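Under numbering that gives the first Met the number 0, residue 434 is the last one in the sequence shown; the count climbs by one each step, no gaps. Glycine residues also receive a C-beta, built at the ideal position from the N, C-alpha and C atoms. Computed from a predicted structure; not experimentally measured.
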Amino acid sequence: MSLLDRDRACLWHPYTQALTQPPPLPVVRAEGVYLYTEDGRRILDGISSWWVNIHGHSHPKLNAALAAQARELEQVVFAGCTHRPAVELAERLLQLLPPGLTRIFYSDNGSTAVEVALKIACQYWRNLGQPQRQRFVTLHHAYHGDTVGAMSASEDSLFTRAFAALLFPVARAHAPYCYRCPMGLTRATCQIDCLGDLERQLQEGGDSIAGVLIEPMLQAAGGMIVWPAEFLAGARRLSDRYGTLLIADEVLTGFGRTGRMFACEHAAIRPDLVCLSKALTAGYLPMGATAATETLYEAFLSEDRGKTFFHGHSYTANPLACAVGLASLDLFRENGVLERVQALERQLRAGLEPLRGLAGVGDVRTIGGVGIVELESESAGYLDQLGPRLAAAFLERGLLLRPLGNVLYFMPPYAITEGEVGWVLTQISEVLASI
Ligand code: PLP
């Protein structure tokens with residue numbers, strides 16, 4: 000029996016409606032930027048396996064780090080124990096993150112990194128004697144994950160609607176979605192007027208606001224929206240002005256994706272909490288990390304056990320994941336990875352900008368290692384039928400892309416070569432010209 004037949008009999012896949020969608024790709028092996036299927040196809044991974052893979056699949060150095068760590072210590076409880084990979088990874092992350100972040104709290108994935116940040120923020124205020132600060136301001140088009148807290152903070156959408164009864168209320172402010180400006184303005188002449196809505200929410204929320212949660216510079220699943228850096232700077236300024244916390248969800252943007260190690264660097268800001276995951280382990284193992292300032296950490300130091308942060312997962316700080324994370328950071332240094340992402344950005348911009356001239360192309364956006372083409376569409380949503388049609392056309396050509404409805408994006412592992420990017424750009428222009 001083929002892998003696909005066995006899959007059909009026992010599996011339930013994320014985001015997939017088995018009755019109407021194509022069967023999953025039966026992947027048996029992966030190397031570099033390529034996936035190899037049971038039926039003999041070689042497919043270029045144009046989405047870094049859901050945005051996690053950065054150095055390429057089955058990287059010899061990461062494989063070796065994983066194997067070496069497995070021989071030494073594969074897992075140990077992290078409540079009451081510690082180990083070298085967890086300490087070293089925390090030290091290295093804190094050296095790389097904006098100065099002033101001094102503590103790392105490990106968890107399991109992007110959603111839990113966000114849950115941890117929301118819970119720390121909420122309890123921080125409680126520990127300080129301000130328990131009324133429990134409400135968060137988040138942005139329209141936000142996506143922070145699929146667990147209940149992360150869904151609450153995300154945009155009200157197809158992804159969250161079935162669970163509305165479980166979600167806690169948040170205040171939502173405009174995002175700087177310049178192509179579909181919420182103020183009806185144009186970027187060339189606006190003064191980032193959309194920030195006014197965030198200020199209004201902070202004013203109205205007053206001392207009920209625990210924090211502002213943002214995806215800095217690139218709102219991803221909500222439509223690959225690239226920000227002007229001024230909005231990010233403004234979010235920090237306003238959080239300070241209204242005395243609340245700024246939480247940066249860098250689950251996708253962290254580790255070079257926007258051309259800087261962390262997206263917050265584009266506006267030289269330091270958030271109070273930063274959520275990390277995805278490329279943290281270069282796409283090898285599930286792990287989340289939430290970085291916090293010393294002020295936040297200190298609010299939990301008390302002999303009163305009611306002030307303890309009672310949150311922990313079985314695999315918190317898993318040594319295998321930490322070891323791969325450390326080896327991935329070594330690769331950044333050894334291989335000039337950030338420079339590679341910057342070169343990738345230049346190539347993507349040069350290749351995609353001319354597509355603005357094509358019929359049906361609404362907007363072209365590029366940031367770091369992400370190239371985006373938003374197609375004109377009435378529905379402009381995740382269920383837009385353009386998405387599956389485009390995905391099928393690219394797959395025929397040996398390229399894995401998963402458009403978000405009418406938003407086509409290319410986000411490859413940074414290890415991709417110039418020649419391979421050139422090939423992908425040709426596929427994109429040919430397919431777009433033919434639809
Ligand atoms: N935050 C952001 C910005 C994301 O893009 C994602 C996933 O795409 C998440 C959180 C959730 O991460 P995970 O899927 O690992 O739970």
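query	result
Check: L154 C-beta below 7 Å from any heavy atom of the ligand PLP	The question names Leu, but residue 154 in the sequence shown is Glu. Because no heavy atom of the ligand PLP lies under 7 Å away, the Cβ of E154 does not count as near it: no.
First through last residue of the alpha helix (DSSP H) which encompasses F230	228–240
Straight-line gap, E37 to V75 (C-alpha atoms, nearest Å)	36 Å
DSSP-derived helix/strand/coil call for H265	helix
Inside the stretch 314–363 only - alpha helix (DSSP H) runs reaching at least 4 residues	318–333, 336–351
Euclidean distance between Cα positions of T307 and R83	24 Å
Whole-number beta carbon distance between D271 and L237, since they are thought to touch under 8 Å	No, L237 and D271 are not in contact; Cβ-Cβ is about 13 Å, not under 8 Å.
Neighbour-count burial assignment, H140, 16 or more Cβ in a 10 Å radius	buried
Identity of the residue in E264, D239, Q200 nearest E214 by Cα	E264
Distance cut-off 7 Å: G436 Cβ against heavy atoms of the ligand PLP	With the chain covering 0 to 434 only, the question about residue 436 has no answer from this structure.
Integer-rounded CB distance, given that L251 should sit under 8 Å from A234	With 8 Å as the limit, A234 and L251 do not qualify as a contact, their Cβ atoms being about 17 Å apart.
Proximity below 8 Å, CB of G45 to CB of L394	no
Buried or exposed (CB count within 10 angstroms, at least 16 for buried), I366	buried
Buried or exposed (CB count within 10 angstroms, at least 16 for buried), V86	exposed
Option in A187, D145, E198, G183 with minimal Cα separation from R171	E198
Contact check, P21 vs A391, beta carbons under 8 Å	yes
Proximity below 8 Å, CB of G498 to CB of A78	Past the boundaries of the shown model lies residue 498; the chain is included only from 0 to 434, so the question cannot be answered.
Closest Cα partner of A179 within the set G361, L389, T425, P411	Just to set this straight, residue 179 is Arg in the shown sequence, not Ala. Among G361, L389, T425, P411, the Cα nearest to that of R179 belongs to G361.
Straight-line Cα distance separating A163 from I119	23 Å
Backbone CA spacing between Y408 and G356 [nearest angstrom]	17 Å
Span separating the alpha-carbon of H58 from that of G31	7 Å
Neighbourhood of R396 by C-beta distance below 6 Å, restricted to the same chain and skipping five residues each side	Q426
Closer than 7 Å: D38 CB and nearest the ligand PLP heavy atom	no
Contact between the stretch 283–290 and the stretch 100–115 (3+ Cβ pairs under 8 Å)	yes
Closest by C-alpha distance to S207, when choosing among R160, P353, H54, F135	F135
Close beta carbons around R70, own chain, < 7 Å, minus the five adjacent residues each side	none
Beta-carbon proximity check, Q218 vs A174, cutoff 8 Å	yes
Contacts around A220, its chain only, beta-carbon distance under 7 Å, and the 5 residues preceding and following it disregarded	Y142, L403
Whole-number beta carbon distance between A209 and R132, since they are thought to touch under 8 Å	4 Å
Closer than 7 Å: N317 CB and nearest the ligand PLP heavy atom	no
Contact belief for L194 with T243 at Cβ below 8 Å, rounded distance in angstroms	Their Cβ separation, rounded to whole angstroms, is 15 Å, which puts L194 and T243 out of contact at 8 Å.
N108 CB to nearest heavy atom of the ligand PLP below 7 Å	yes
Beta-carbon proximity check, M223 vs R364, cutoff 8 Å	yes
R91 and L275 closer than 8 Å at C-beta	no
Heavy atom of the ligand PLP within 7 Å of L96 beta-carbon	no
Residue environment, D196, which counts as buried when at least 16 other CB atoms sit within 10 Å	buried
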